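Visitor: Position one of the sequence shown corresponds to residue 1 (our numbering), numbered consecutively onward.
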Amino acid sequence: MNIKNWKKYAFFSNMIGCFQFILLTFIGMLFYAGGTSLDPTRPGYSFFQNFFSEIGLTVAHSGESNIIAFIFFSLAFFIVGITLMPSFIAFPFFFKDTKIEKWLTITGSALGLFTSFCFTGITFAPADINIAAHAWFVQMGFTSGFVVSLLYSAAIFLNKTYPKKYAYNFMVFTVFLLLYLLLMFMGPSRETIEGLTIQATAQKIILYTFAICLFIHGYGAWKQEKNFLTTL
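#1: Helix, strand or coil for S46, going by three-state DSSP, please let me know.
#2: Run the CB neighbour count on W222, radius 10 Å, all protein chains shown included, and call it buried at 16 or more, exposed below.
#3: Keeping to the same chain, check which residues put their C-beta closer than 7 Å to that of Y208; ignore five residues upstream and five downstream.
#4: Which residues mark the beginning and the end of the alpha helix (DSSP H) in which E101 is found?
#5: Let me know the secondary structure DSSP gives S13 once reduced to three states.
#6: Output yes or no for whether 8 Å exceeds the beta carbon distance between T25 and A76.
#7: What would DSSP say about S144, mapped onto helix, strand or coil?
#8: Using a Cβ-Cβ cutoff of less than 7 Å, which residues in the same chain neighbour S109 once the five nearest sequence positions on both sides are dropped?
#9: Would you kindly report the start and end of the unbroken alpha helix (DSSP H) that includes S53?
#10: For my contact list, G56 and F70 are in at a C-beta cut-off of 8 Å; report their separation, rounded to the angstrom.
#11: Might you give, ordered along the chain, the residues of its own chain that have their beta carbon closer than 7 Å to the beta carbon of S65, omitting 5 neighbours on each side?
#12: Which value, in whole angstroms, describes the spacing of the CA atoms of F176 and F185?
#13: Does DSSP classify S153 as helix, strand or coil?
#14: Could you say which of K96, L178, L151 and F19 lies nearest to F142 if we only look at CA atoms?
#15: Thinking C-alpha only, which one of I131, W136 and I82 is nearest G112?
#16: Taking the alpha carbon of T201 as the point to measure from, which residue in Y168, D39, F52 and G44 has its own alpha carbon closest?
#17: Can you name, in chain order, every residue of its own chain whose Cβ lies under 8 Å from the Cβ of P188, other than the five neighbours on each side?
#18: Are the stretch 144–164 and the stretch 94–108 touching, with three or more C-beta to C-beta distances below 8 Å?
#19: So I206 and Y180 are supposed to be a Cβ contact under 8 Å. How far apart are they, rounded?
#20: Excluding five sequence neighbours on each side, which residues of the same chain lie with their C-beta closer than 7 Å to the C-beta of A167?
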């Protein structure tokens, strides 16, 4: 690896992290040991009635060991947290034209590193072992991610050269994160079938949209850095 190309590799690691997150969590669903919060006898994983975090339970709602699904879930969150960190460090280097751009991206990246820390923290706090810590990492991670998205999109709009389509990507990202935060804090009760279905289904749609938008961001930054290197 050429050390001069480190930013290109940082953005590539972003893409790898997002891709593996989708892949490993999907595999984790296939190995989930069964049961929902309202029906412990339900076999397998229900896209519509199991929450994302339930892939990472050490013991499923069925009472069976869920260790295989737990491993895939934990790897997915740990790897995505680690692989996003270099891209958060590298992204502000595109924004040197004005002080406000620098401030927006440096502040956004600092919060992005905190978001990454929270993702790795989820790995060490399964919901059935320490629900308080698990909930804190989830809520803080996605709240800070929401602010990162706002700051990055503003910086891209202000910058004269960075493609604006990636700002619109962050705006989509922002809307979906806002919906997720509203769902977490103000959504329907999980104690009814209807509320559980709405919460569990929307959560997965929003989380996978989150991963796709971050992948697009990583690709855009990788492409910009690659183009810059070819002009040297």
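All residues carry an ideal CB built from backbone N, CA and C; glycine is no exception. For clarity, every value in this text was computed on a predicted model and none was experimentally measured.
Guide: Let me lay it out:
#1: coil
#2: buried
#3: I22
#4: K99 to T123
#5: helix
#6: yes
#7: helix
#8: F88, I89, F91 and P92
#9: Neither: S53 is in no alpha helix (DSSP H) and is coded neither H nor E.
#10: 5 Å
#11: A33 and V59
#12: 14 Å
#13: helix
#14: L178
#15: I82
#16: F52
#17: E194, G195, I198 and Q199
#18: yes
#19: 4 Å
#20: S153, I156 and F157
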